[in-house]
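If you're matching positions, the sequence shown starts at 494 in the working numbering and goes up one per residue. Ideal Cβ positions, reconstructed from N, Cα and C, are used throughout, including at glycine. Each remark here refers to the structure printed beneath this line.
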Amino acid sequence: MKPFFLRAGLYLSLLFLGVNCGTIKDKLFKHKQQSSSIVLQKPEISDFEEVYIPQLKSERKNFFKDSEIETRWVDSIYNKMSLEEKVGQLFMVAAYSNRDTVHTNSIEKLIRNQKIGGVIFFQGGPLRQANLTNRYQSKSKIPMFIGIDAEWGLSMRLDSTYRYPWNMTLGAIKDLKLIEKVGELMGKESKRMGVHFNFAPVLDINTNPKNPIIGNRSFGENKVNVTEKAIALMNGVQKQGVFSTGKHFPGHGDTATDSHLGLPMVTSSREHLDVVELYPYKRMFDQGLVSVMVGHLDVPSLEFRQNFPSSISYNVVTNLLQKELEFDGLIFTDALNMKGISKYRKPGELELDALLAGNDILLFPENVPLAVATISKAYQDNVLSEERLSVSVKKILKYKYKAGLNKYKPIIVSNLMNDINPPENDALQYQLYENAITVLKNEAEILPIKDLVNNKIAYVKLGDDDNSAFVSTLKKYTEVTEVTAPTIDSLNVKLKEFTTVIVGYHKLDKPWKNNDFTATELIWLQEIARSNKVILDVFAKPYTLATLVNFNEIEGLIVSYQNNPIAQKVSAEIIFGALDAKGKLPVSLNDNFKVNDGLSTEKLNRLGFTAPENVGMSSEKLNKIDGLAQKAIEEKMTPGVQVLVARKGKVIYQKAFGTYAYDSEQKVTNETIFDVASVSKIIGTLPNVMQQYDQQKVTLETTLGAMLPIFATSDKRDIRFKELLSHYAGLVSWVPFYKATLDAKEKPLAKYYKRIPDAQFSRKVADSLYIRNDYHDTIMKIIIDSKLSVKKEYKYSDFTFIILGNYLEKITGKTLDVLASEQFFKPIGATNTFYNPLQKIDKNRIAPTEIDSYFRHQKIQGYVHDMAAAIEGGVAGHAGVFSNAMDIAKIMQMYLQKGNYGNQHYFSAKTFDDFNTCYFCSEGNRRGLGFDKPQLSGDSPTCGCVSKSSFGHTGFTGIMTWADPVTEIVYVFISNRTYPTNPLNTLSKEHIREDIQKVISEAIIN
């Protein structure tokens, strides 16, 4: 306990005496102390403000241990150095990889003539910078430090690199392990680039919302939050062998001037600085921070000379930082070309003053030759002592040893771009926004949107930046209508038909850009909120909301912090409940919201979106799917393809390939609608049959005669329910019903068809072709009279689901299309799934399936390809559904979740298990009830790499969907392989669908 009380006593003494400690000796700077006219603010410190008592220096964490070998190396190098070489080590000059040879030559000249100790890279590109680093290092006798401002990763300076979130966004995250992971990946990319110093994290506590230069660069306004995030980030970086630099000492957060343009004043009292601004530094030093950057700040409570920058203040750099806080790591000045310092000192004099103040490395000097000459003269004139020079130079050499520069190796540039842009980046980015996005209002539990049937949702965009990922993701959950209008009055007229309005505010994702609402936008937002139920989602810094005076009429309020695709996707997931909100506000917004505000929302078990690595899959391996899909198109197995892969409730791969036709320029997109052929059986018909079973209206032993009286006197009356759905009933596989309606020339007979509909001919088969309404009865009679096999064996039959469709319509009193839409498609959010899609959407959204030369004699686009379903008017139990991969995945996920989706119960887990059982496997029949199951032998329908509990279905037009409860994977493959014609079915013969399924299986990491 004794050390604690000694430290506590010391700390309390410093609180009262710190203002007067360590006055600068006039002889060092030859400046007279001037009386200060500055009136200091009274400290606004709560009695409950947390006070940190630093550890003993010997107890501090040390990432980079000292050693005798290191000391010998440092001494051996130092003792061989000339004065010029020693002074040169103090300089880190600005270098760019996007400039011409004149700039490159000027840097080489400084290396050769002034023996500079390092470079800090600014704008450019990674390959160019790596090559320049190798070039510059090859010219230097003593390997140089390489530094970079990479506060949100290398992308702060370099193109073609990954951008992590701003610190303000990270400040909303409570899970510190995620912040450390950010640091780890930043450290890895820096190390791969030959960078030794990442000038981060920013330790400034942004208590001034109007701070023009810190803002988003700060973790927030709460000192503990800022500190914990900074420690976590530093831990990640320094564990990779890269040095972190805390900045901008003693604290730039409570300022109103950009130090690049002028000298900001910090008006806080010494007590306030001690308890607030210096709090992060004290804790960071104990946790092993290697270096500090001193800001260009006017701090009257520390330096009484007016307009005297802290970066050249002995009182700040030596007395406070080194003596009082006992920091013995490397000390950098902030850039010496900034107006916050350069307007107060001339080049040469400035660098000397910064060195004498106690800084080790002089960053971005404007005139290196002059500065070297000035410092050398000061040394020769005994203004700068050997002892003072050796402290900094040996410290620099010491950290060069720790950085491995005693055994320098050039950067290997091969595979550099892949190495600094690994797939783990996206995986982490999803996790960061999942934990950062903050819900501030949720009146009447408007979030998440649960009811997809009765909610009619509009989206209105404010702001001037891209919103495509947000809107497209919203539309993956339900129908969302984008509404625009030239005036607010006309907009509100359009919005009257909607129950909920999502307003997205999208601003350019740049840290210093003004994100405030315009006066017009504020008026529009006010009027929209006054007349509608509104969810406002702000894709900008939280301070943007400070311009809003009244939030009373906004029901839902979300801060998404930044406007990038992943933030937009995650925010849409939260709105529809695929994710719950976790973020906490890192700053206060006037009197409306306080720091650490943030509501939790309910999580619904709807499909979400993430990177493959977050669910134990490999992005690299999944990308092999691209090649197989392209192969299918290039070899004319199919014109267009959609592929979707989901795992553990998250879509991790969704891509579209090809065009509507081989000679078409219209590209297939993820929104394109396809005829899904026999997959209709498990998308439209089967879930409704399962509901009947769940309600005990049928059992496994119910006979066909009991289900449908029209079979009561037929030889099929005793077929049991489980035999019927297992394709084990002895039914004929298929009958070309349509042929009986054609003449000898395969043209539609007038007896059965009309070109113009009327009361008796209203079932549309194709353009200008309507079949008589009672032909359904003929179909059913043909089925009743069809031959029944005596031998019990597996035979796939469309009759099964034609019968089931008829059964559902009889027992519910609704047509199958209405039933499927009401019971499943609408409530589950499958709003791109229809029978007879041309009644609801434009033909251009639908991929064509065939040039029909044998029945309808026209291009089939938007009409069902299956001939039997066509003469049923496009609605049949076995075919007729049009959909896309996303909607099919929702149905399959509902199956995986055993009848539950969006926290809505559709049927019981027992019902699903009963239907996903193979009842006749011992007889060589692989089928479940309605579901196809993995082959018992042979090479189809699956890759042979899925579990026995997996299930799915295939379709004639080139469709396959499969789900595996063991791996929790949903796979959807959709194509229009029948267009224009494909009698050989090369897609099936080449096993494209199975090969993709195999790739998916091989992509599983854990």
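Closest in alpha carbon position to residue 1400, among 1131, 1301, 1362, 1185, is 1185. The Cβ neighbour count for residue 982, taken over all protein chains shown within 10 Å, is under 16; the residue is labelled exposed. Going by DSSP, residue 607 is part of no alpha helix (DSSP H) at all; its letter is neither H nor E. Secondary structure within the region 839-868: the alpha helix (DSSP H) runs of 4 or more consecutive residues, fully enclosed, are 842-850 (chain order). A Cβ-Cβ separation of about 5 Å places residue 856 in contact with residue 828 under the 8 Å criterion. Of the candidates 1384, 1470, 1497, the residue whose Cα lies closest to the Cα of residue 1438 is 1497.
DSSP lists 1447, 1466 as the beta-bridge partner residues of residue 1453. In chain order, 543 place their CB closer than 7 Å to the CB of residue 717, counting only its own chain and leaving out the 5 sequence neighbours on each side. Secondary structure at residue 1049: strand, using DSSP grouped into helix, strand and coil.
Beta-bridge analysis with DSSP links residue 644 to 646. Taking residue 1375 as the centre and dropping the five residues before and after it, the same chain places the C-beta of 1166, 1168, 1327, 1330 closer than 6 Å to its C-beta, in chain order. For residue 903, the CB contacts under 6 Å within the same chain, skipping 5 residues up- and downstream, are 627 in chain order.
By the neighbour-count criterion, in which a residue is buried when 16 or more other Cβ atoms sit within 10 angstroms of its Cβ, residue 784 is buried. Membership of residue 581 in the alpha helix (DSSP H) is indicated by the continuous run 576-581. For residue 784, the beta-bridge partners assigned by DSSP are 738, 823. For the region 1022-1099, the full-length alpha helix (DSSP H) segments reaching 4 residues or more read 1058-1068 along the chain. The DSSP-derived three-state label of residue 1399 is coil. In this structure, residue 647 keeps its C-beta atom at 8 Å or more from the C-beta atom of residue 639. Under the criterion of beta carbons closer than 8 Å, residue 738 and residue 693 qualify as touching, at roughly 7 Å.
Pairing residue 1049 with residue 999 gives a Cβ-Cβ distance that is not under 8 Å. When the beta-carbon positions are compared, residue 820 and residue 778 come within less than 8 Å of each other.
The C-beta of residue 1241 has 16 or more other C-beta atoms within 10 Å across all chains shown, which makes the residue buried.
The beta carbon of residue 725 is closer than 7 Å to those of 669, 672, 673, 676 in its chain, skipping five residues each way along the sequence.
Look at residue 1137 here: in three-state DSSP terms it is strand. At a cut-off of 3 residues, the continuous stretches assigned as beta strand (DSSP E) that sit fully inside the region 948-1010 are 950-956, 973-975, 993-999. Taking the CA atoms as reference points, residue 1283 sits about 11 Å from residue 1221. With a contact defined as Cβ atoms closer than 8 Å, residue 1409 and residue 1421 qualify at about 5 Å.
When rounded, the separation of the alpha-carbon atoms in residue 1253 and residue 1210 is 31 Å. With three or more CB-CB distances shorter than 8 Å, the region 1093-1103 counts as touching the region 1380-1394.
In the structure shown, residue 1235 falls within a strand segment according to DSSP collapsed to helix, strand and coil. Between residue 1352 and residue 1364, the CB-CB gap reaches or exceeds 8 Å.
Secondary structure in the region 1235-1263: the beta strand (DSSP E) runs of 3 residues or longer, each lying completely within the stretch, are 1256-1259 in chain order. Looking at the backbone, the Cα of residue 1460 and that of residue 1141 are separated by about 8 Å. With distances taken between CA atoms, residue 1274 lies nearest to 1230 out of 695, 582, 1230, 1310.
A straight line joining the alpha-carbon of residue 695 with that of residue 881 spans about 28 Å. In summary, residue 905 is exposed, with fewer than 16 beta-carbon neighbours lying within 10 Å of its beta-carbon over all protein chains present.
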